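Below is one structure, written out as structure tokens, with a few remarks after it.
Chains as they are written, first to last, in the working numbering: chain E, 1 to 175; chain W, 1 to 132.
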């Protein structure tokens with residue numbers, strides 16, 4: 001298979017209810033239903049982590065309304081012999097260095113390293129919000145088996161647009 | 001001791017904690033709106049269950065605690081591990097609890113997270129492949 005096909009795409013404010021509706025829609029889409037159960041679970045898991053990431057980053061949409069009206073987005077699709085999930089949202093410039101540090105560290109880890117980091121974080125006594133610990137990003141890397149591609153585009157002195165792209169190999173493409 | 005029965009929703013799992021019939025199961029999807037608020041009462045219940053067992057004079061026959069989770073988000077993982085730690089404490093006190101960690105064939109992530117939780121909580125799991 002060649003070319004690029006979008007399976008599900010959304011751009012706009014992300015609320016908890018919106019996440020529910022989006023996931024309900026995803027699991028009923030013919031293009032999703034025809035995938036193997038194993039790929040469905042991988043894509044679903046990564047999609048949820050990405051959309052929850054947007055939800056946490058843009059809390060009630062207040063941030064992006066102040067910053068050039070750049071809406072968050074999430075996209076799930078198929079490109080050539082793999083799937084991809086990409087997302088974007090505004091974040092405060094103050095958070096970029098820490099986030100970039102975590103992404104770079106995660107991208108250097110092999111699968112065993114990711115498992116160890118995962119175990120270490122969930123075992124923390126005081127973990128009430130996993131965002132700070134990067135657990136969602138580790139989960140994405142573990143599920144996809146790939147590096148997390150990312151990009152920050154400056155919008156103004158306070159804000160940037162943060163984008164991620166995760167590729168997921170399609171094992172049936174080689175059959 | 002009261003039993004806990006929680007019906008599943010699109011973002012919360014089904015929970016059965018039935019001490020009269022020794023049926024214990026958490027199944028479905030876990031990405032609650034407020035993860036700590038969902039899991040804290042279950043953690044408290046398990047703490048009480050440990051005390052309840054200690055007060056019982058009967059011989060406790062081996063019983064299963066089933067995790068059959070289709071999906072859980074990253075913060076839920078922390079609380080599921082906390083449940084496993086409570087179960088491990090009960091197990092260490094000598095009660096014959098058997099944790100069954102069920103996962104779908106090919107769901108490597110679910111298997112691996114179960115293995116990590118078993119290792120951290122020092123509680124042996126029995127892994128079972130289930131159909132979707």
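Every residue gets a Cβ at the ideal spot worked out from N, C-alpha and C, and that includes glycine. Computed from a prediction, not measured in an experiment: that's the story for all the values here.
Alpha carbon of residue i to alpha carbon of residue j, nearest angstrom
i: residue 40/W; j: residue 25/W; result: 16 angstroms
i: residue 1/W; j: residue 169/E; result: 49 angstroms
i: residue 165/E; j: residue 46/E; result: 11 angstroms
i: residue 117/W; j: residue 42/W; result: 17 angstroms
i: residue 4/E; j: residue 80/E; result: 6 angstroms
i: residue 107/W; j: residue 143/E; result: 9 angstroms
i: residue 50/E; j: residue 152/E; result: 16 angstroms
i: residue 54/E; j: residue 23/E; result: 15 angstroms
i: residue 141/E; j: residue 18/W; result: 37 angstroms
i: residue 30/W; j: residue 9/W; result: 9 angstroms
i: residue 114/W; j: residue 95/E; result: 32 angstroms
i: residue 27/E; j: residue 58/W; result: 47 angstroms
i: residue 68/W; j: residue 103/E; result: 31 angstroms
i: residue 56/W; j: residue 103/W; result: 33 angstroms
i: residue 43/E; j: residue 131/W; result: 19 angstroms
i: residue 46/W; j: residue 91/W; result: 12 angstroms
i: residue 39/E; j: residue 54/W; result: 45 angstroms
i: residue 207/E; j: residue 98/E; result: The structure shown does not extend to residue 207/E, since chain E is modelled only from 1 to 175, so the question has no answer here.
Exposure of residue i, with buried meaning 16 or more beta-carbon neighbours within 10 Å
i: residue 44/W; result: exposed
i: residue 36/E; result: exposed
i: residue 32/W; result: buried
i: residue 73/W; result: buried
i: residue 82/W; result: buried
i: residue 126/E; result: exposed
i: residue 57/E; result: buried
i: residue 33/E; result: exposed
i: residue 11/W; result: buried
Residue closest to residue i, alpha-carbon to alpha-carbon, out of the options
i: residue 72/E; options: 140/E, 107/E, 10/E, 159/E; result: 10/E
i: residue 66/W; options: 13/W, 37/W, 122/W; result: 13/W
i: residue 83/E; options: 96/E, 8/E, 15/E, 159/E; result: 8/E
i: residue 78/W; options: 117/E, 20/E, 28/E; result: 117/E
i: residue 99/W; options: 120/W, 124/W, 93/W, 28/W; result: 124/W
i: residue 41/E; options: 139/E, 113/E, 98/E; result: 139/E
i: residue 145/E; options: 29/E, 98/E, 32/E, 167/E; result: 167/E
i: residue 48/E; options: 101/E, 134/E, 20/E; result: 20/E
i: residue 95/W; options: 28/W, 7/W, 51/W, 3/W; result: 51/W
i: residue 93/W; options: 28/W, 71/W, 60/W, 111/W; result: 60/W
Same chain only: Cβ atoms within 6 angstroms of residue i, ignoring 5 sequence neighbours per side
i: residue 163/E; result: 88, 151
i: residue 121/W; result: 84, 85, 88
Proximity test, residue i beta-carbon vs the ligand PLP heavy atom, cut-off 6 angstroms
i: residue 89/E; result: No copy of the ligand PLP appears in this structure; indeed no ligand is present at all.
Own chain partners of residue i with C-beta closer than 7 angstroms, once the 5 adjacent residues on each side are dropped
i: residue 35/W; result: 75, 76, 79
i: residue 6/E; result: 75, 77
Own chain partners of residue i with C-beta closer than 8 angstroms, once the 5 adjacent residues on each side are dropped
i: residue 52/E; result: 19, 136
i: residue 29/E; result: 7, 8
i: residue 7/W; result: 14
(Q) With a threshold of 8 angstroms, are at least 3 pairs of Cβ atoms found where one atom belongs to the region 76-95 of chain E and the other to the region 110-124 of chain E? (A) no
Q. Taking one C-beta from the region 91-111 of chain W and one from the region 101-116 of chain E each time, how about it: are there three or more such pairs within less than 8 angstroms?
A. no
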